[in-house]
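Per the numbering used here, the very first residue in the sequence shown carries number 8; after that it's consecutive.
Each remark here refers to the structure printed beneath this line.
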Amino acid sequence: STATTLAGSNFDNCMMNASGVYCMDSDELLAVENSKAATFVTKSGTLQPRKGNPEPRYFETEFGSINSMGLPNNGVDYYLDFVSQDQINHPGKTYFLSITGFNLAEDLELLQKVTDSDFAGVVELNLSCPNVPGKPQTGYDFETVDAILKAVFDVYHKPLGVKLPPYFDIIHFDQMAEILNKYPLSYVNSINSIGNGLYINDDTETVVIKPKQGFGGIGGEYVKPTALANVHAFYQRLNKDIQIIGTGGIQTGKDIFEHILCGASMVQVGTALMVEGPVIFERLTAELEAIMAEKGYDNIEDFRGKLNYL
Ligand code: DHB
8 STATTLAGSN FDNCMMNASG VYCMDSDELL AVENSKAATF VTKSGTLQPR KGNPEPRYFE
68 TEFGSINSMG LPNNGVDYYL DFVSQDQINH PGKTYFLSIT GFNLAEDLEL LQKVTDSDFA
128 GVVELNLSCP NVPGKPQTGY DFETVDAILK AVFDVYHKPL GVKLPPYFDI IHFDQMAEIL
188 NKYPLSYVNS INSIGNGLYI NDDTETVVIK PKQGFGGIGG EYVKPTALAN VHAFYQRLNK
248 DIQIIGTGGI QTGKDIFEHI LCGASMVQVG TALMVEGPVI FERLTAELEA IMAEKGYDNI
308 EDFRGKLNYL
């Protein structure tokens with residue numbers, strides 16, 4: 008079985024969408040809901056609805072994608088209303104609500120709305136949007152991450168995880184893990200896109216997306232080694248009660264197997280879900296099941312985190 012347990016809830020499969028993909032409105036969320044995915048996470052909701060950056064703002068390349076969406080979303084109230092209703096329609100299912108404020112006060116205001124609602128699922132606090140002009144990725148400001156988590160856990164006591172940007176230095180893994188280990192996080196989700204890459208068309212000698220002169224977050228096959236490194240680095244360093252969601256470069260069941268081997272308890276699919284649509288979860292499930300059968304693994308705990316070293 009590909010079942011898993013995360014943040015105290017059981018899921019009949021270990022895969023779901025990555026926030027930003029197939030989760031902007033109720034139609035997209037229901038398409039994921041009605042697929043083989045275990046559950047869904049909503050588009051990161053802000054206090055106010057946003058139109059996001061000018062188009063074109065998403066582009067598929069041979070090995071992945073580049074995007075600079077700029078947090079287009081229907082506003083946190085829309086997603087809170089939707090998930091609060093959906094959990095009534097599907098007793099026993101657990102959903103993920105992604106939120107992102109533009110500062111600590113906004114994060115706390117967003118969480119107050121969650122507290123005041125009937126939502127009984129898991130909050131994913133996004134500390135890593137790379138695409139809002141003039142706004143740094145919070146996850147690269149270690150002191151601010153610490154201050155946000157301190158304030159968040161002073162007021163919020165239900166399951167909450169964080170979505171992090173990729174890190175590229177062993178000392179940064181050490182420093183971030185030391186901060187994360189101070190808090191009762193349910194999980195860490197690594198990675199968000201590799202921020203501010205540049206993809207160009209050499210025939211036309213132009214960039215391929217309009218915002219930020221073409222700079223945007225990179226996803227897909229390009230990012231898998233970075234994603235696996237972040238998953239495993241945090242698996243090695245985090246308290247065992249902080250679980251890991253692995254996101255980045257998943258196109259096949261083999262990619263999911265590798266994320267789990269590196270320590271992930273659940274995985275999220277972004278670029279490949281954008282390309283193939285929610286039907287992808289049938290193929291991914293069948294491929295992961297086939298690998299597990301061949302290796303004689305009955306469930307994902309048989310190999311999770313058990314990466315070997317030379
Ligand atoms: C967007 C991109 C991200 O990687 C993210 O974490 C949040 C928002 C965006 O551009 O909409």
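We treat Cβ as the ideally placed atom computed from N, Cα and C, and that holds for glycine.
For this session: With a threshold of 16 other CB atoms inside 10 Å of the CB of Val328, please say whether the residue is buried or exposed.
Result: The chain is shown from 8 up to 317; residue 328 falls before or after that span and cannot be answered.
Problem set entry | Nonlocal neighbours in the same chain, by C-beta distance under 8 angstroms from Ile252, ignoring five residues either side | The sequence position of residue 252 within the sequence shown is 245, counting from 1. Leu13, Gly168, Tyr194, Val195, Asn196, Ser197, Ala271, Ser272, Met273, Val274 and Gln275, listed in sequence order.
Exercise. Would the beta-carbon of Pro63 be found less than 8 angstroms away from any heavy atom of the ligand DHB?
Worked result: For this step, residue 63 is matched to residue 56 along the sequence shown. No - the ligand DHB has no heavy atom lying nearer than 8 angstroms to the Cβ of Pro63.
Problem set entry | Nearest candidate by alpha-carbon position, reference Ile186, set Leu245, Leu87 and Pro173 | Within the sequence shown, the letter at position 179 stands for residue 186. Ranked by Cα distance from Ile186, the first of Leu245, Leu87 and Pro173 is Leu245.
Exercise. Do Asn41 and Pro285 come within 9 angstroms of each other at the CB atom, strictly closer than that value?
Worked result: On the sequence shown, position 278 is the one that residue 285 refers to. On the sequence shown, position 34 is the one that residue 41 refers to. With contacts defined by Cβ atoms closer than 9 angstroms, Pro285 and Asn41 form a contacting pair.
For this session: Let me know if Gly99 comes out buried or exposed under the rule of 16 or more other beta-carbons within 10 Å of its beta-carbon.
Result: Here residue 99 corresponds to residue number 92 of the sequence shown, with the count starting at 1. Exposed.
Exercise. Between which two residues does the alpha helix (DSSP H) carrying Thr12 extend?
Worked result: Counting from one through the sequence shown, the residue named residue 12 turns up at place 5. Here Thr12 belongs to no alpha helix (DSSP H); instead the beta strand (DSSP E) covers Thr11 to Leu13.
For this session: Could you tell me if Tyr316 is buried or exposed, where buried requires 16 or more neighbouring beta carbons within 10 angstroms of its beta carbon?
Result: To locate residue 316, count along the sequence shown from 1; it is residue 309. Result: exposed.
Problem set entry | Cβ neighbours of Glu113 in the same chain (closer than 8 angstroms, five flanking residues each side left out) | Mapped onto the sequence shown, residue 113 falls at position 106. The answer, listed in chain order, is Thr53 and Leu54.
Exercise. In three-state terms, what does DSSP make of Gly59?
Worked result: Counting from one through the sequence shown, the residue named residue 59 turns up at place 52. In the structure shown, Gly59 sits in coil (DSSP, three-state: anything other than H, G, I, E or B).
Problem set entry | Spatial neighbours of Tyr190 in its chain, beta-carbon cut-off 7 angstroms, leaving aside the 5 residues before and after | Numbered from 1 along the sequence shown, position 183 holds the residue referred to as residue 190. Taking C-beta separations shorter than 7 angstroms and ignoring five residues to either side along the sequence, the partners of Tyr190 in its chain run Leu156 and Phe160, following chain order.
For this session: With a threshold of 16 other CB atoms inside 10 Å of the CB of Gly202, please say whether the residue is buried or exposed.
Result: Translated into positions along the sequence shown, residue 202 becomes position 195. By the 10 Å Cβ count, Gly202 comes out buried.
Exercise. Counting Cβ pairs closer than 8 angstroms, one from the segment 56-68 and one from the segment 303-314, do we hit at least three?
Worked result: no
Problem set entry | CB contact flag (Ser71, Gly256, <9 angstroms) | Position 64 of the sequence shown holds residue 71. Position 249 of the sequence shown holds residue 256. Residue identity differs from the one stated: residue 71 is Gly in this sequence, not Ser. For the 9 angstroms CB-CB criterion, Gly71 and Gly256 form a contact.
For this session: Specify, as a first and last residue, the run of the beta strand (DSSP E) that Thr68 falls within.
Result: Numbered from 1 along the sequence shown, position 61 holds the residue referred to as residue 68. Where Thr68 is concerned, the enclosing beta strand (DSSP E) stretches over Tyr65 to Thr68.
For this session: Any chance you could list the beta strand (DSSP E) runs of at least 3 consecutive residues sitting entirely within the segment 234-314, in chain order?
Result: 250-254 and 273-276
Exercise. Gln94 and Ala45 look like a contact to me (Cβ under 8 angstroms); what is the Cβ gap, rounded to whole Å?
Worked result: Translated into the one-based positions of the sequence shown, residue 94 becomes position 87. Translated into the one-based positions of the sequence shown, residue 45 becomes position 38. About 14 angstroms; that fails the 8 angstroms criterion.
Problem set entry | As assigned by DSSP and simplified to three states, the class of Tyr163 | Along the sequence shown, read from residue 1 onward, the residue named residue 163 stands at position 156. Tyr163 falls in the coil class under three-state DSSP.
Exercise. Smallest Cα separation from Lys142: which of Phe103, Gly204, Tyr102 and Lys219?
Worked result: As a first step, residue 142 must be located in the sequence shown, where it is residue number 135. Comparing Cα positions, the closest option is Lys219.
Exercise. Is it the case that the Cβ atoms of Ala300 and Ile287 are separated by a distance below 9 angstroms?
Worked result: For the purposes of this step, residue 300 is taken as residue 293 along the sequence shown, with counting starting at 1. For the purposes of this step, residue 287 is taken as residue 280 along the sequence shown, with counting starting at 1. No.
For this session: Report buried or exposed for Ala184, applying the criterion of at least 16 other Cβ atoms within 10 angstroms of its Cβ.
Result: By 1-based counting over the sequence shown, the position of residue 184 is 177. Buried.
Exercise. So what does DSSP say about Tyr194, is it helix, strand or coil?
Worked result: As a working mapping, residue 194 is identified with position 187 in the sequence shown. Look at Tyr194 here: in three-state DSSP terms it is strand.
Exercise. Using the beta-carbon count (16 or more within 10 Å), is Thr145 buried or exposed?
Worked result: Mapped onto the sequence shown, residue 145 falls at position 138. Thr145 is buried by the Cβ-count criterion.
Exercise. Going by C-alpha distance, which of Ser16, Phe180 and Lys43 is nearest Leu295?
Worked result: Along the sequence shown, read from residue 1 onward, the residue named residue 295 stands at position 288. Checking every option, the nearest Cα to that of Leu295 belongs to Lys43.
Exercise. For Tyr229, which residues from the same chain have a beta carbon less than 6 angstroms from its beta carbon, with the 5 sequence-adjacent residues on both sides left out?
Worked result: As a first step, residue 229 is located in the sequence shown; it is residue number 222 there, counting from the start. Counting only Cβ-Cβ distances below 6 angstroms, and skipping sequence neighbours, we find Phe70 and Gly71.
Exercise. Given Tyr147, which residues of its chain have a CB within under 8 angstroms of its CB, disregarding the five upstream and five downstream residues?
Worked result: In the sequence shown, the residue the question calls residue 147 occupies position 140. Answer for Tyr147: Pro172, listed in chain order.
Exercise. In the structure shown, what three-state DSSP assignment does Ile178 receive?
Worked result: Numbered from 1 along the sequence shown, position 171 holds the residue referred to as residue 178. Reduced to three states, the DSSP call for Ile178 is helix.
Problem set entry | Candidates Thr122, Phe310 and Ala240, of which the one nearest Ile178 by Cα | Counting from one through the sequence shown, the residue named residue 178 turns up at place 171. Here the closest residue by C-alpha is Ala240.
For this session: May I ask you to report which of helix, strand or coil DSSP gives Met22?
Result: Here the question's residue 22 lines up with position 15 in the sequence shown. Met22 falls in the strand class under three-state DSSP.
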